[in-house]
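The structure appears right after this line, and notes come after that.
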Amino acid sequence: TASDNGLELLRGQLAEWRTRLQEAQSLNASRITSLREQIAALGEPPAEGATEPEEISSRRAALAEQLARLEAPRRAAEEAYRRAGGLIGEIDTELRERQAAQLLKLWPTPANPANWAHAGQTLSATALRVYAEVSHNWNRPEKRSEMIDALPVIGVLFALAFVLIWRGRSWIERFSQWLQTSDPTARWRQVFSFIASLGMIVVPTAGMIMVSIGLMLTEMTHGISRDFVMALPSAGFTFFAALWLAGRVFPKGNCEAGPLALDAQHCAEGRFHTALIGAVLALEELRVSLIPVTQVAEEAVPILSLPLVLLMAALLWRVGHLLNRHIAKGAADSEDASTFRNYVLRSLGKLLIAIAVVGPLLAVVGYTSAANALVFPAAGSLGLAGLLMVLVQLISDIYRAIVRAETDEQGQGLLPVLAGFMLTLGSLPLFALIWGARIEDLGEMWNRFTEGFQIGGTRIAPSNFLYFLVLFAIGYTVTRLFQGALKSSILPKTKLDQGGRNAVISGTGYVGIFLAALIAFSAAGIDLSGLAIVASALSVGIGFGLQNIVQNFVSGIILLIERPVSEGDWIEVGGVSGTVKSISVRSTRIQTFDRSDVIVPNADLVSQQVTNWTRFSLTGRVIIPVGVDYGSDTRKVISVLKEIAEAQPLALLDPPPSVFFMGLGADALNFEIRMIIRDVNSSLSVRTEVNHQIVERFRAEDISMPFSQRDIWLRNPEAVAEAMATLRDPGEKAGRASLADKPAGQGAVLDISGHPLDDETER
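Residue numbers for the sequence shown follow this note's numbering, so the first one is 8 and each next one is one higher.
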């Protein structure tokens, strides 16, 4: 049975051959396309029993022979490509099965004291082996001579490493804080401080690299000791990256500036636990390099890994509670505690606590591989999640600096959110690698993704889709630029009114977007002919389901072409009166005179009766009713009203204003002033001014304006008289009693206090 490394090597060779075979499938592509077009130009082959000219038949056979000869290598390459893909899939399946078997392997339990001796023997054997390797090289004169010759370089490397590791971080940290606080008004201070803080990882890691190089130059290392020395830079990077991440997620001195809502005490605790997590991960790397699992007795492996698993589980437990504390504090400080970010952090905290419980239990039982595969990847995922939070905050700082935002609310735009989402989406392969996925698996997934997917007879690949998006974006941008040029430079120099300009601009936008989509589809190589049947079926469903929307869309196109209604017109439709503010594809927005917006479907403007007061002319008629007393001179009233109407500056004299005697009303003589004014939008102002002048002239001409008068007839005056008698003195009762002696049916006329009126007063 081949080893894992052998299978990986074989898989790499197959993947290389598969790439070559994939390239070979496009061999002679242009020539094959040309031959197919030539064969198609000869027409359809004759049906069974039919014949065609000999010249065409021989030419068709020759072209078909050439086509078959050119397609043979492509078909062979495609067959070999499929075979290589199948072999790669079998190897991947075998490796995954081995990985699963190793993960579920039950090791000797570390709780058994009988196994502890094996762990002690392994540690002592490892120490003796390292000592033996160093002693062996020391006892060789040529090795000692090489080390002595390299002592100056080794000394310089160790001295620089000491400075970089011991003091480098503190210097970079002070410099980063100085950049952040030196000029509070600087827009880019947060970004520059972040960039400078990266030196807290680079500088000490460079020191660890110098230590590793110095130890290698001594020529004293060999075997596992050399593996240990070579693992020092990686372990150092892990530890210093954890220290840097702790300072960014749990800032020192200003915890509110961090991504988590914690007080100073819990921020300090978070920094401590994060640093310890980095130290444990670094120790695990060094342990694996110094004590390989394949070279250790099975009884010793669980015991050697148990301490770090327990320590890491305890740290994950504490960090999980810190995340829950952040959620609790955020809920106490703000009402908005149900955001997606808080939901993710709450779930992450609970997951860390669960892993901190399950991991040690698996390790104690004996599932050492499963415990290691659960606890340490959880710590790595936690670090990557913290890094994503820091990078999202950096993107927000960059956005605030670009837009010159002075407050956090001004810097919370859509662009940082989208960038953070794309960053999180791009980190998914890293999470997969942390949890045990192989790079080859991710490469295989990427290859399948780039091959695209099949819809009917059309294959759409991500590259085609990306090409389509780029071309469509270019076409859309060109359309918008052309619309802007039309609006600002070209159309103002024409004789079109504002409504016509808006129609041209809108129509240009629709045509431009349609052409951009059509050109993008064609240039991207997306063949939509295979989707014709599917599109036809969908169009029927869309026609029924979106009938009103399609009707409104077509009506919008009609409005833009015929232009019976334009922006700025005063219209009345369906009981709504107001000014047209915008005409979109589906609806029209009308602003009423009380400043409320009414959205009217375009179909109503096409199918219903619409009154347009200002579309073709601003002139309009104003009718003002006027009432005078019955004793007024009607001809004098007409003369006065006509003078008032003709004196209005907005009134047209052709046709001239008219005054009509409309009839005899119940309380007044009714007249009407009818005149055409230049701007119907000023009808209320004209009406108001005319009414003012009517009142002034009527007072000057002694023309009375009527008011309503009513006579009240009481059918039971005796009852009213008796009721009023209780309110009168006894001397008046006789007079009121005589009032009751009138015959029934004659009635009586009383004043408002119940006293009878004489004939003259009644008249």
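Each residue gets a CB set at the ideal place from its N, CA and C atoms; glycine is no exception.
Here the structure is a predicted model, which means the values were calculated and not measured.
Please state whether DSSP places residue i in a helix, a strand or coil.
i, result
"Ser-665", "strand"
"Ile-680", "strand"
"Ile-216", "helix"
"Ser-591", "coil"
"Pro-632", "strand"
"Asn-619", "strand"
"Pro-823", "Missing from the structure shown is residue 823; the chain here goes from 8 to 770 and no further."
"Leu-659", "coil"
"Ile-95", "helix"
"Thr-228", "coil"
"Arg-81", "helix"
"Leu-368", "helix"
"Phe-705", "helix"
"Ser-496", "helix"
"Val-572", "coil"
Between residue i and residue j, what straight-line distance do the alpha-carbon atoms span, to the nearest angstrom?
i, j, result
"Lys-357", "Leu-323", "10 Å"
"Arg-18", "Leu-111", "25 Å"
"Leu-16", "Glu-451", "15 Å"
"Leu-293", "Gln-109", "21 Å"
"Gln-106", "Arg-196", "48 Å"
"Gln-558", "Ala-610", "6 Å"
"Ser-183", "Met-207", "10 Å"
"Asp-636", "Leu-721", "28 Å"
"Glu-104", "Leu-355", "29 Å"
"Asn-146", "Glu-226", "12 Å"
"Ile-680", "Val-629", "8 Å"
"Asp-576", "Ile-597", "9 Å"
"Val-382", "Ala-320", "7 Å"
"Ala-426", "Lys-150", "55 Å"
"Ser-241", "Glu-44", "60 Å"
"Ala-248", "Val-397", "13 Å"
"Asp-234", "Leu-311", "18 Å"
"Val-218", "Phe-169", "9 Å"
"Asp-99", "Ala-386", "27 Å"
"Glu-276", "Ile-409", "35 Å"
"Glu-51", "Arg-66", "13 Å"
"Gly-563", "Arg-622", "17 Å"
"Asp-661", "Ser-692", "21 Å"
"Thr-26", "Glu-72", "29 Å"
Can you tell me whether residue i is buried or exposed, with buried defined as 16 or more other CB within 10 angstroms of its CB?
i, result
"Ile-202", "exposed"
"Gly-366", "buried"
"Trp-185", "exposed"
"Met-429", "exposed"
"Pro-499", "exposed"
"Ser-403", "buried"
"Glu-569", "exposed"
"Phe-472", "exposed"
"Gly-265", "buried"
"Gln-272", "exposed"
"Ala-744", "Low confidence applies to Ala-744: its pLDDT is 47, below 50, so where it sits in the model is not reliable, and the reading given next is rough at best. The residue in question, Ala-744, is exposed, as its Cβ has fewer than 16 Cβ neighbours within 10 Å."
"Glu-291", "buried"
"Ala-658", "buried"
"Asn-144", "buried"
"Ile-405", "buried"
"Phe-246", "buried"
Which whole-angstrom value describes the C-beta separation of residue i and residue j, a residue pair presumed to lie in contact below a C-beta threshold of 8 Å?
i, j, result
"Pro-309", "Pro-115", "6 Å"
"Ala-304", "Thr-281", "The pair is not a contact, with the Cβ atoms about 35 Å apart (cut-off 8 Å)."
"Leu-164", "Gly-93", "That belief does not hold up - the Cβ atoms of Leu-164 and Gly-93 are roughly 52 Å apart, past 8 Å."
"Ile-710", "Val-644", "6 Å"
"Ala-527", "Gly-482", "6 Å"
"Gly-514", "Leu-567", "6 Å"
"Gln-615", "Gly-582", "About 10 Å; that fails the 8 Å criterion."
"Val-572", "Leu-401", "The pair is not a contact, with the Cβ atoms about 51 Å apart (cut-off 8 Å)."
"Ala-380", "Ser-296", "So it is not a contact: roughly 18 Å between Cβ atoms."
"His-333", "Leu-267", "4 Å"
"Val-697", "Ile-651", "6 Å"
Going by DSSP, what residues sit across from residue i in a beta bridge?
i, result
"Trp-577", "Thr-586"
"Leu-671", "Leu-676"
"Gly-627", "Ile-684"
"Gln-302", "DSSP, once it has assigned bridges, lists no residue as partnering Gln-302."
"Gln-598", "Thr-586, Asp-604"
Verify the contact flag: residue i, CB atom, against every heavy atom of the ligand GTP, threshold strictly below 7 Å.
i, result
"Tyr-637", "By its list of ligands, the structure shown contains no ligand whatsoever, and the ligand GTP lies outside what it can speak to."
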